[in-house]
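A.B. asks: Heads up: the protein sequence lines correspond to chains C, G and Y, in order.
Under UniProt numbering, the first residue of the first sequence is numbered 1, with each subsequent residue one higher.
Under UniProt numbering, the first residue of the second sequence is numbered 1, with each subsequent residue one higher.
Under UniProt numbering, the first residue of the third sequence is numbered 1, with each subsequent residue one higher.
Even for Gly, the Cβ is constructed at its ideal location relative to N, Cα and C.
Bear in mind that the values here come from a model prediction, so they are computed numbers and not experimental data.
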Amino acid sequence: MRTKTVTFRHKWLPYALIAPQIVITLIFFIWPASQALYQSVLRQDAFGLRTDFVGMANFVRLFADDNYINSFVTTISFSAMVAGFSMGIALIMAIMADRVIRRAMVYRTLLIWPYAVAPAVAGVLWWFLFNPTIGIAAYALDGLGYDWNHYRDGGDAMTLIVVASTWRQVSYNFLFFLAGLQAIPRSLTEAAAIDGAGPVKRFVTIQLPLLSPTVFFLIVVNVVYAFFETFGVVHATTSGGPGQATNILVYKVWRDAFEGLNLGSSAAQSVILMVLVIALTAIQFRYIERKVEY
Amino acid sequence: MVERRPFLTFIQHAVLILGAAMFVFPIYLAFVASTHTAAEVSGGVPLLPGAEMIRNYSLVLGEGISAAGAPPLWIMLMNSTIMALSITIGKIVISLLSAFAVVYFKFPFRMLAFWTIFVTLMLPVEVRILPTFEVVAQLGMLNSYAGLSIPLIASATATFLFRQFFMTVPDQLTEAARIDGAGPMKFFRDILLPLSRTNLAALFVILFIYGWNQYLWPLLVTTDESYYTIVMGIQRMANAGEETPQWHLIMATAILALLPPVVVILAMQRLFVRGLVEVEK
Amino acid sequence: MSNIQINNVRKTYPGGIDAIRGITLDIADGEFCVLVGPSGCGKSTLLRMIAGLETITDGSVSIGDRVVNDLEPAERDIAMVFQNYALYPHMTVYGNMAYGLKNRGVPKDKIKVMVDEAAATLGLSEFLTRKPAQLSGGQRQRVAMGRAIVRQPQAFLFDEPLSNLDAKLRLKTRVEIRDLQQRLGTTSIYVTHDQMEAMTLADQLVVLNDGAVEQVGTPIDVYNRPASVFVAEFIGSPPMNLMPGEIDESGLVTPAGVVAAPAGVRHGAVTIGIRPEHLHPASDGPLRLKVRVVEHLGASANAHGTVPGHAVEMIASLTGADLPAKGETLGLTVAAENLHLFDPETGRRLH
Ligand SMILES: Nc1ncnc2c1ncn2[C@@H]1O[C@H](COP(=O)(O)OP(=O)(O)OP(=O)(O)O)[C@@H](O)[C@H]1O
Ligand SMILES: [Mg+2]
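#1: Going by C-alpha to C-alpha distance, which of Gln134/Y, Ala263/Y and Ala98/Y sits closest to Glu117/Y?
#2: Is the stretch 107-126 of chain G close to the stretch 42-58 of chain G, with three or more CB pairs under 8 Å?
#3: For Thr192/Y, which residues in the same chain have their Cβ closer than 7 Å to its Cβ, ignoring the five residues on either side in sequence?
#4: Does the Cβ of Cys41/Y lie closer than 8 Å to at least one heavy atom of ligand 1?
#5: Taking 9 Å as the cut-off, decide whether the C-beta atoms of Ile87/G and Leu207/G are in contact.
#6: Could you tell me how far apart the beta carbons of Pro211/G and Met83/G are, in whole angstroms, since I believe they sit closer than 8 Å?
#7: Taking DSSP as the reference, what is the three-state secondary structure of Lys11/C?
#8: Regarding Val191/Y and ligand 2, is the C-beta to nearest heavy atom distance less than 8 Å?
#9: So with CB distances below 7 Å, who are the chain G contacts of Ala79/Y?
#10: With distances taken between CB atoms, is the gap from Ala182/G to Asn103/Y smaller than 9 Å?
#11: Between the beta-carbon of Ile184/C and the beta-carbon of Leu210/C, is there less than 9 Å?
#12: Judging by CA-CA distance, which residue of Ile11/G, Tyr104/G and Phe204/G is the nearest neighbour of Ile92/G?
#13: Taking contact to mean at least 3 C-beta pairs separated by less than 8 Å, is the stretch 267-275 of chain Y in contact with the stretch 243-250 of chain Y?
#14: Less than 8 Å between the CB of Ser86/C and some heavy atom of ligand 2, yes or no?
#15: Within the continuous beta strand (DSSP E) that includes Asp52/C, where are the two ends?
#16: In angstroms with no decimal places, state the Cα-to-Cα distance between Ala245/C and Val220/C.
#17: Any beta carbon from chain Y within less than 9 Å of Ala202/G's own beta carbon?
#18: Whole angstroms are fine: how far does the CA of Val73/C sit from the CA of Asn79/G?
#19: Lys201/C versus chain G: which residues are under 8 Å apart at the beta carbon?
#20: Just mark Met167/G as buried or exposed, buried being the case when its beta carbon has 16 or more other beta carbons within 10 Å.
#21: Can you tell me which of the three DSSP states Ser226/G falls into?
#22: Any heavy atom of ligand 2 closer than 8 Å to the beta-carbon of Asp210/Y?
#23: Would you mind reading off the limits of the alpha helix (DSSP H) that contains residue 361/C?
#24: So for Ser188/Y, helix, strand or coil by DSSP?
#25: Quick one: Cα of Gly217/Y to Cα of Asp194/Y, how far?
#26: Going along chain G in order, which residues have a C-beta closer than 9 Å to the C-beta of Gly327/Y?
#27: In angstroms with no decimal places, state the Cα-to-Cα distance between Leu160/C and Ala236/C.
#28: Please classify Met111/G as buried or exposed, where buried requires at least 16 neighbouring CB atoms within 10 angstroms.
#29: Between His13/G and chain C, is any beta-carbon pair separated by less than 9 Å?
#30: Out of curiosity, what's the CA-to-CA distance linking Arg57/C and Ile283/C?
#31: Between the Cα of Pro14/Y and the Cα atoms of Tyr88/Y, Cys41/Y, Ile56/Y and Asp26/Y, which residue gives the shortest distance?
#32: From the beta carbon of Asn69/Y, is the nearest beta carbon of chain G less than 9 Å away?
#33: Among all the DSSP beta bridges, which residues are the ones paired with Met243/Y?
#34: Along the alpha helix (DSSP H) that carries His248/G, what are the first and last residues, could you check?
#35: Anything in chain Y within Cβ reach of Lys186/G, meaning under 9 Å, just list it in chain order.
#36: Give the interface partners of Phe158/Y over in chain G, defined as CB-CB distance under 8 Å, in chain order.
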């Protein structure tokens, strides 16, 4: 790690400075995580009297469990949709805002604030809109001949959480796309225009390639968001249902721990999630390293 | 823009305005619902604000929705404010100090400390729900402001942000301060802190929103209503057992829950955007 | 006030770089000492060891009568002016100048008196409430000076304080620094790689090369009697002409002809040094220069060329209106006392 060449000398001060962070990290991060690791290889009997070492059995059982596999698939398709839609919409908006040089900041103001809305609150807002009896969106869909009911229909429920999660995330992506687009020198697009490239061609051949690091970075961020931060959306609206239709991994871990009280399985699920975060973080850092090289 | 094409310009603005409208729509509707009576809302949501705004808001703020077992909103708002501010200030303080330590001192175990902090990036609360809950329970921190905030204030991102910023502070400034008789803490207070002002403010905006919007954590560590935060409390109201939800009041709560962070983001837009982009660098 | 003694000081950076290889210097009370040398020779390192910003690997540094090796910079009672000034960007000019006094616990009203006085000395009084960003480069430089003088330290340390200024301002500030130092009588060490600055400012000039002292003396001394080929080349502009030669019974044999040798130099191979301004045109002179380019400088002109039949480059600095044309071969003379002779093996002066 890079350091200053000019440093202070002091026997205990640096330790005192770093202690609060380290203590909190150890108590609330490292220790619980190691507990999860430890518990993931144990199994408790029904009365909590005996605990046995079972090796990888909890993991084996999980992957043999249709519910878990189902939850995995649900999470992946949910994440893909949230990342895809929120990035797609954000990119279109950013391109438009980038082109209207003068009022770009006005539009930015109009578009960024949903980021401040908690996922759970976003969920409640859309839940209300889509409420089968009084929701205006459900009413409109009814008018189009579609009988919306996210209490009964798994697809509707999934749509609801995708919409709510996407709605909140577009602003974040929009900000980064807009910043990315504005960082591309005008002279480049102007040169391309002089070379006879129309707006679409300019976008595809000049702007998009230069934007690719942003795209890549946002994919990782959005997947992390959809995997972990959307707990509130699910919990506040569908509660994983109907059936298992919106039972994403994070929600399942929580439910298995606090409602199912299955310690070993919940711990094993935590460990799998941990591996996922580590993988995503590693990807993100490789990206950052590359960015530094340029 | 390179060329003038009025039609294209028209499309642009149309798309942007439509987009902005789509963003506002759910909130507008929530606001409208919050200004009507229960009966008006349950007969299909009206599209224009009604006359019950003051009554609804003073009801939720003062008394809460008794049927849902949620405390008055002013308590939840206060709890949210305390939690958000504690998390924000706590994160900023401990990150500033630890970044100062790793950048401006060479000491044994420095790398170990750095990696310990780094690891927190990979351990969001969602992946260690149960064991963290158990630790907090054992420490007797359930249903307390300390339990709501302290476990969340370790932060690798903020530490990295400050570390990155400190690295850009010229070494000669440090040397000049040393010659001027400033020890490490004086240098920190008189030079480094004032220079970090913009970064501090930007981080403050981001972290306040982060803290305010916490959901899973308060859900885990509070069972006592008097510690409910508004973001989690709204869920308790919405899923209030068998009763039909009182939509007009839930929506009033939703508006109150999202108002503070939205106001912060809009009031400090420049700082927010800057902070966001910096944090992710 | 106080003298500074540097006793066999060494610096080895982590990684085994020997930046300073044993330097001993004595700087008298009130003296203006200039450290000069090419980039990377260790000037800044030496200065920073005196300031306490760099640890001393070996040897000792004393300021006044105190060995300061283990003292913090602030305890050494010195002030430093940095190349990029290192002004605190968030403090006003007043704040910048007052900071060191405040840290030393000087009472507020006394600080005000001291800062006002220093500001008046440097003509900064009207800028006291401004931030560094609102000042020009020259004004910032003066604030950096002000921060140094306000504390009335035992010594001033300067690390290339003028290199961020334009040529004209550099000249003006150079004079101001010298004037100020003489008025205050504060012992000063000044680092530069600009030999004009070095010559004009120094009471004592120290030429450094690769972490060691090449020569110490007054500027005139160093100019007139360079102790080595390195110093001869480094000090003086245009640089001294150097060519191989030999001393025998006939005198000094140069590639350009035979001249009278200075007294008391051993026979054998030598390196000859002649400053361009010591070459005078004389049609029957013993030296020859085939002119390639003539540079007109106004008061004088430099004739660049080679010695006919040899690859040796030579420059002659000429005055007067009668200048040679390109391609012309010029006859030149040099007085014996203006010849510098060095040992070709060691590069040291032979007389
Ligand atoms: N912190 C350091 N670590 C290792 N080597 C260093 C360090 N600082 C300087 N050096 C090396 O020590 C030698 C002397 O450096 P110094 O900065 O004193 O040179 P200088 O004479 O001031 O040059 P300049 O005129 O370019 O400022 C150089 O070879 C340099 O590379
Ligand atoms: Mg230097």
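C.D. replies: So, to answer that:
#1: Ala98/Y
#2: no
#3: Val34, Val36, Glu160 and Ala198
#4: yes
#5: yes
#6: Residue 211/G is actually Gly in this sequence, not Pro. Yes, Gly211/G and Met83/G are in contact; Cβ-Cβ is about 6 Å, under 8 Å.
#7: coil
#8: Val191/Y: yes, Cβ under 8 Å from ligand 2.
#9: Simply Ile179.
#10: Yes. Within cutoff.
#11: yes
#12: Phe204/G
#13: They touch, by the three-pair rule.
#14: no
#15: Thr51 to Phe53
#16: 24 Å
#17: no
#18: 37 Å
#19: Neighbours of Lys201/C on chain G: none; closest Cβ ~12 Å, over 8 Å.
#20: Around the beta-carbon of Met167/G, fewer than 16 other beta-carbon atoms lie within 10 Å, marking it exposed.
#21: helix
#22: Asp210/Y: no, Cβ never under 8 Å from ligand 2.
#23: Residue coverage of chain C in this structure runs from 1 to 294, which leaves residue 361/C outside it and unanswerable.
#24: Three-state DSSP puts Ser188/Y in a strand.
#25: If you take the alpha carbons of Gly217/Y and Asp194/Y, they lie about 17 Å apart.
#26: Those do not exist, as Gly327/Y stays about 53 Å from chain G at its closest Cβ, beyond 9 Å.
#27: Looking at the two C-alpha atoms, the distance is approximately 12 Å.
#28: exposed
#29: yes
#30: Here residue 57/C turns out to be Ala, not Arg, going by the sequence shown. So the alpha carbons of these two residues sit roughly 29 Å apart.
#31: Ile56/Y
#32: no
#33: Ile272/Y
#34: Trp247 to Ala267
#35: Ordered by position in chain Y, the residues that pass the 9 Å Cβ test against Lys186/G are Asn103.
#36: Within 8 Å Cβ-Cβ: nothing; Phe158/Y doesn't reach chain G, min ~13 Å.
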